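S.K.: Following this message is one structure expressed as structure tokens.
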Amino acid sequence: EAQVTQNPRYLITVTGKKLTVTCSQNMNHEYMSWYRQDPGLGLRQIYYSMNVEVTDKGDVPEGYKVSRKEKRNFPLILESPSPNQTSLYFCASSLSRVPPSFGANVLTFGAGSRLTVL
Amino acid sequence: AQSVTQLDSHVSVSEGTPVLLRCNYSSSYSPSLFWYVQHPNKGLQLLLKYTSAATLVKGINGFEAEFKKSETSFHLTKPSAHMSDAAEYFCVRGGTSYGKLTFGQGTILTVHP
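Heads up: the protein sequence lines correspond to chains A and B, in order.
The first sequence maps to residues 1 to 118 in my numbering.
The second sequence maps to residues 119 to 231 in my numbering.
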């Protein structure tokens, strides 16, 4: 089944303890992106990647890192999590290098990862 | 900054009545526009997209949206609501910075029996 898989789905952690949220897609998609969803704010883009070894900042990159060493994986790294990073996180991918922002391709979303930082 | 505004945070309708979810965007040109739906505890799913072809766009599950450049709007409609339509809906714009998408704040649709 074609899908975007995120892990963990739920995580409670403490301030300062490094964590990684993994994202993997099995559709050979070029483009991948991370979003965070907070009540009343919709989804905000954290980072995106147009291809392997190519990443760029979205609207709220502070406190996050990403890497794209292989096409299928795009992990989100929180080096020193803080309570304001408590949120619901979504990974998404689309087929082409043509950005989904231009409507050429549809984003496929993962099921989400709910992170709580105490 | 480019933005997307969903004019209602909550919309409540009765089953079988029309649905209208409102979205306005800011832009000096015609962007790509999308509507996504999120059912409880699920990821987002594309309903429909506008990419400068026909201004009236038809999507899945009977939804449609009309692009009105003069009003900078892209409202989502459905003639008759179904209980399964209860979800949160997001208006999304693209076409600005390479690779970026901007989401609206979301509208929660409640459908009463």
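Backbone N, C-alpha and C fix where the C-beta goes; we use that ideal spot for every residue, glycine too.
Since this is a predicted model, take the numbers as computed values, not measurements.
1) Of all the residues that make up the region 14–46 of chain A, which are near chain B by a beta-carbon distance shorter than 8 Å?
2) Quick check: residue 70 of chain A and residue 51 of chain A, are their CB atoms within less than 7 Å of each other?
3) How big is the Cα-Cα spacing for residue 66 of chain A and residue 5 of chain A?
4) Looking at chain A, which residues of the region 154–166 of chain B have a Cβ within less than 9 Å of any of its Cβ atoms?
5) Please go through the same chain and pick out, in chain order, the residues whose beta-carbon is closer than 7 Å to the beta-carbon of residue 192 of chain B, but skip the five residues on each side of it.
6) With 7 Å as the threshold, decide whether the Cβ of residue 111 of chain A is near any Cβ in chain B.
7) Starting from residue 20 of chain A, trace the beta strand (DSSP E) both ways and give me its first and last residue.
8) For chain B, is any of its Cβ atoms less than 7 Å away from the one on residue 52 of chain A?
9) Which residues does DSSP list as the beta-bridge partners of residue 3 of chain A?
10) With DSSP run on the structure shown, which of helix, strand or coil describes residue 179 of chain B?
11) May I ask you to report which of helix, strand or coil DSSP gives residue 202 of chain B?
12) Which of the three DSSP states, helix, strand or coil, is assigned to residue 223 of chain B?
13) Mapping DSSP to helix, strand and coil, what is residue 159 of chain B?
14) Taking buried to mean at least 16 other C-beta atoms within 10 Å of its own C-beta, is residue 32 of chain A buried or exposed?
15) Since residue 43 of chain A contacts residue 90 of chain A with CB under 8 Å, what's their CB separation in whole angstroms?
16) Measuring only the C-alpha atoms, how far is residue 125 of chain B from residue 9 of chain A?
17) Starting from residue 131 of chain B and walking both ways along the beta strand (DSSP E), at which residues does that stretch end?
18) Using a C-beta to C-beta distance shorter than 9 Å, which residues of chain B count as neighbours of residue 90 of chain A?
19) Taking its Cβ as the centre, do 16 or more other Cβ atoms sit within 10 Å of residue 172 of chain B, making it buried, or is it exposed?
20) Tell me which residues share the same chain as residue 196 of chain B and place their Cβ nearer than 8 Å to its Cβ, disregarding the 5 neighbours each side in the sequence.
21) Who are the Cβ neighbours of residue 2 of chain A in its own chain at under 6 Å, not counting the five residues just before and after it?
22) With DSSP collapsed to three states, give me the class of residue 73 of chain A.
M.R.: Well, looking at it:
1) 31, 33, 35, 40, 41, 42, 43, 44 and 45
2) For the purposes of this step, residue 70 of chain A is taken as residue 70 along the first sequence, with counting starting at 1. For the purposes of this step, residue 51 of chain A is taken as residue 51 along the first sequence, with counting starting at 1. Taking 7 Å as the Cβ cut-off, residue 70 of chain A and residue 51 of chain A do not qualify as a contacting pair.
3) Here residue 66 of chain A corresponds to residue number 66 of the first sequence, with the count starting at 1. Here residue 5 of chain A corresponds to residue number 5 of the first sequence, with the count starting at 1. Spanning the two alpha carbons is a distance of roughly 16 Å.
4) 154, 156, 159, 160, 161, 162, 163 and 164
5) As a working note, residue 192 of chain B is residue 74 in the second sequence. Taken in chain order, the residues that qualify are 141, 143, 151, 168, 183, 185 and 209.
6) Taking the first residue of the first sequence as position 1, residue 111 of chain A is located at position 111. Interface residue, yes.
7) Translated into positions along the first sequence, residue 20 of chain A becomes position 20. It spans 19–25 - the beta strand (DSSP E) in which residue 20 of chain A sits, taken as one unbroken run.
8) Working through the first sequence from its first residue, we reach residue 52 of chain A at position 52. For residue 52 of chain A, the answer is no, since every Cβ of chain B falls outside 7 Å of its Cβ.
9) Numbered from 1 along the first sequence, position 3 holds the residue referred to as residue 3 of chain A. Answer is none; residue 3 of chain A lacks a bridge partner.
10) Taking the first residue of the second sequence as position 1, residue 179 of chain B is located at position 61. Residue state, collapsed to three classes: helix.
11) As a first step, residue 202 of chain B must be located in the second sequence, where it is residue number 84. Helix.
12) As a position in the second sequence, residue 223 of chain B is number 105, starting the count at 1. Coil at residue 223 of chain B, not helix or strand.
13) Looking up residue 159 of chain B in the second sequence gives position 41. Of the three classes helix, strand and coil, the one that applies to residue 159 of chain B here is coil, per DSSP.
14) Against the first sequence, residue 32 of chain A aligns to sequence position 32. The residue is buried, with at least 16 neighbouring Cβ atoms inside 10 Å.
15) The residue labelled residue 43 of chain A in the question sits at position 43 within the first sequence. The residue labelled residue 90 of chain A in the question sits at position 90 within the first sequence. 7 Å between Cβ atoms; contact.
16) Residue 125 of chain B sits at position 7 when you count from the first residue of the second sequence. Residue 9 of chain A sits at position 9 when you count from the first residue of the first sequence. Roughly 31 Å between the two C-alpha positions.
17) Taking the first residue of the second sequence as 1, we reach residue 131 of chain B at position 13. Start and end: 128–132.
18) Here residue 90 of chain A corresponds to residue number 90 of the first sequence, with the count starting at 1. Neighbours of residue 90 of chain A on chain B, chain order: 161 and 162.
19) Working through the second sequence from its first residue, we reach residue 172 of chain B at position 54. Residue 172 of chain B comes out exposed.
20) The residue you call residue 196 of chain B lines up with position 78 of the second sequence. So the qualifying residues of the chain are 136, 137, 179, 180, 181, 182 and 203.
21) What you label residue 2 of chain A is simply residue 2 of the first sequence in a count that begins at 1. Hits under 6 Å: 27.
22) Against the first sequence, residue 73 of chain A aligns to sequence position 73. It is a strand residue.
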